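Take a look at the structure below.
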Amino acid sequence: MPVKPSFTDEVKAELANVQPARPCCQEAELAAMVEALAGPGDGAPTTLRIPRNAVARKVVHLARAAGGQVEAVRKGPTDKRPTYRLRLRLPGGRGSSDPCCARAILRGAFLARGVMGNPADAYHLEIATPAKGDLLAAGAARAGITLKRTTRRGRSLYYLKGADPISRMLGLMGANRAVMRLENDRILRDMRSQANRRANSETANLDKRLRAALQQRAAVRRLKARDSRLRSLPPALRDVAELRLAHPRASLRELAEISELSKSAIANRLRRLVALANRNGLID
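For the sequence shown, numbering that gives the first Met the number 0 begins at 0 and goes up steadily by one.
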């Protein structure tokens, strides 16, 4: 049974097809990938373990475009989640401080080590690097992305939280389909959240209404226990008392429709009945 691709898989598949046009950006993207996968290089042969075929193909393409040599490409033993082992010999001086290369650096680092949560559940993006990640940090700063940094199991971990900064970073990297997916999921999450708040509010109002109705019925019952026909009550209160007993769970609006009185009039008379029962010690 095929493995369903994660959102990270979808983003990386899209980014693997984004080819930087300028040579400096190609080298910058490759440098970011190598830094994230193996640490800073010194021109010696570099061995990279890459868990995705599309990313491995892009590393090979960028390495050859930069004048490097691809000495070996080996596929791992499992077909379910294959790992590709690449051995490269790259020229020194890779990377660029040009402003145009910042997007390529972000893209390369994410392709190499990036992980993103499903936007339907959480807004979280992170990139782990074996070294300090100077190239990634510099590229993010030039692109105007504020990455937070921590450490995890000896690695530097750069991360973003929140829909807006993650959406902006995806757009800068060139993952336009991912941005649309994130924004669609964001709209759905907001709609579900609003629906839940509305439902919670309606439930709370219903509970409040029912508690008030039950209190009113209890007050009328206690009053009637002392005076079976409620003759001691004014006619206006007596009519509303009988109305509440006949319709114990009805809302004020429903009682108003039945009696042709206004809601405010019914509410006022029910409050007077409850207060009368309290004054006579009939309600605990």
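The beta carbon of each residue, even a glycine, is placed where N, CA and C say it ideally should be. Note that the structure is predicted; figures quoted are calculated from it, not measured.
* To do: Hey, could you find the ends of the beta strand (DSSP E) Glu125 is sitting in?
  => Sequence index remark: in the sequence shown, residue 125 carries index 126 (1-based). Element bounds for Glu125: His123 to Thr128.
* To do: Find out if the Cβ-Cβ distance for the pair Val219, Leu244 is shorter than 9 Å.
  => Within the sequence shown, the letter at position 220 stands for residue 219. Within the sequence shown, the letter at position 245 stands for residue 244. Yes, the pair counts as a contact, with Cβ atoms nearer than the cut-off.
* **Leu251 versus Asp8, Leu269 and His123, residue with shortest Cα-Cα distance** => Residue 251 sits at position 252 when you count from the first residue of the sequence shown. Comparing Cα-Cα distances from Leu251 to each of Asp8, Leu269 and His123, the minimum goes to Leu269.
* Check Ile165 in the structure and name its three-state DSSP category. => As a first step, residue 165 is located in the sequence shown; it is residue number 166 there, counting from the start. Three-state result, Ile165: helix.
* **Coarse secondary structure for Thr150, derived from DSSP in three states** => The sequence position of residue 150 within the sequence shown is 151, counting from 1. Strand at Thr150.
* Asked: Is it true that the region 154 to 165 meets the region 125 to 139, where meeting means three or more beta-carbon pairs spaced less than 8 Å apart?
  -> yes
* Option in Gln214, Leu260, Asn195 and Ala65 with minimal Cα separation from Asn277 -> For this step, residue 277 is matched to residue 278 along the sequence shown. Measuring from the Cα of Asn277, the nearest candidate turns out to be Gln214.
* To do: Would you mind working out which of Arg141, Thr7 and Ala136 sits nearest Thr149, comparing C-alpha positions?
  => Counting from one through the sequence shown, the residue named residue 149 turns up at place 150. Among Arg141, Thr7 and Ala136, the Cα nearest to that of Thr149 belongs to Ala136.
* To do: Measure the beta-carbon distance from Val239 to Ile265 and round it to whole angstroms, keeping in mind my assumption that it falls under 8 Å.
  => Here the question's residue 239 lines up with position 240 in the sequence shown. Here the question's residue 265 lines up with position 266 in the sequence shown. Going by Cβ atoms, the distance from Val239 to Ile265 rounds to 6 Å, so yes, they are a contact pair.
* How would you label Lys160, buried or exposed, when you count the other beta carbons within 10 angstroms and need 16 or more for buried? -> Position 161 of the sequence shown, counted from the first residue, corresponds to residue 160. Under this definition Lys160 is an exposed residue.
* Cβ-Cβ separation, Ala174 to Leu14 (assumed contact under 8 Å), whole Å -> Here residue 14 is taken as the residue at index 15 of the sequence shown, counted from 1. Here residue 174 is taken as the residue at index 175 of the sequence shown, counted from 1. 6 Å between Cβ atoms; contact.
* To do: Could you please give the first and the last residue of the uninterrupted alpha helix (DSSP H) stretch that includes Val178?
  => By 1-based counting over the sequence shown, the position of residue 178 is 179. Where Val178 is concerned, the enclosing alpha helix (DSSP H) stretches over Asn175 to Arg225.
* Asked: For Pro164 versus Ala103, is the C-beta spacing smaller than 9 Å?
  -> Residue numbering aside, residue 164 sits at position 165 when the sequence shown is read from its first letter. Residue numbering aside, residue 103 sits at position 104 when the sequence shown is read from its first letter. Cβ distance not < 9 Å, so Pro164 and Ala103 don't count as in contact.
* Decide if the region 57 to 68 is in contact with the region 166 to 185; the criterion is three or more beta carbon pairs, one per stretch, under 8 Å apart. => no
* Selected residue, minimal CA-CA separation from Ala140, among Leu242, Glu34, Pro98 and Phe109 -> As a working mapping, residue 140 is identified with position 141 in the sequence shown. Of the listed residues, the one whose Cα sits closest to Ala140 is Pro98.
* Test item: CB-CB of Glu182 and Ser192 under 9 Å -> The count along the sequence shown starts at 1 and reaches residue 182 at position 183. The count along the sequence shown starts at 1 and reaches residue 192 at position 193. No, Cβ-Cβ distance for Glu182 and Ser192 is not below 9 Å.
* Would you mind sorting Glu34 into buried or exposed? The rule is 16 or more other CB atoms within 10 Å of its CB. => As a first step, residue 34 must be located in the sequence shown, where it is residue number 35. It counts as buried.
* **Buried or exposed by the 16-neighbour rule on C-beta atoms within 10 Å, applied to Gly143** => As a position in the sequence shown, residue 143 is number 144, starting the count at 1. By the 10 Å Cβ count, Gly143 comes out exposed.
* **Distance CB(Met32)-CB(Ala108) smaller than 9 Å** => By one-based count along the sequence shown, residue 32 stands at place 33. By one-based count along the sequence shown, residue 108 stands at place 109. Closer than 9 Å, so yes.
* To do: Please report the residue range of the alpha helix (DSSP H) in which Gly107 lies.
  => By one-based count along the sequence shown, residue 107 stands at place 108. Residues Ala101 to Arg112.
* **Of the listed residues Leu205, Ser200, Ala211 and Ala121, nearest to Arg185 (C-alpha basis)** => Here residue 185 corresponds to residue number 186 of the sequence shown, with the count starting at 1. Comparing Cα-Cα distances from Arg185 to each of Leu205, Ser200, Ala211 and Ala121, the minimum goes to Ala121.
* Please name the residue, chosen from Leu205, Arg112, Arg106 and Ala55, that lies closest to Arg84 on a Cα-to-Cα basis. => Sequence index remark: in the sequence shown, residue 84 carries index 85 (1-based). Of the candidates Leu205, Arg112, Arg106 and Ala55, the one whose C-alpha sits nearest the C-alpha of Arg84 is Ala55.
* Would DSSP call Ser258 helix, strand or coil? -> As a position in the sequence shown, residue 258 is number 259, starting the count at 1. Three-state DSSP puts Ser258 in a helix.
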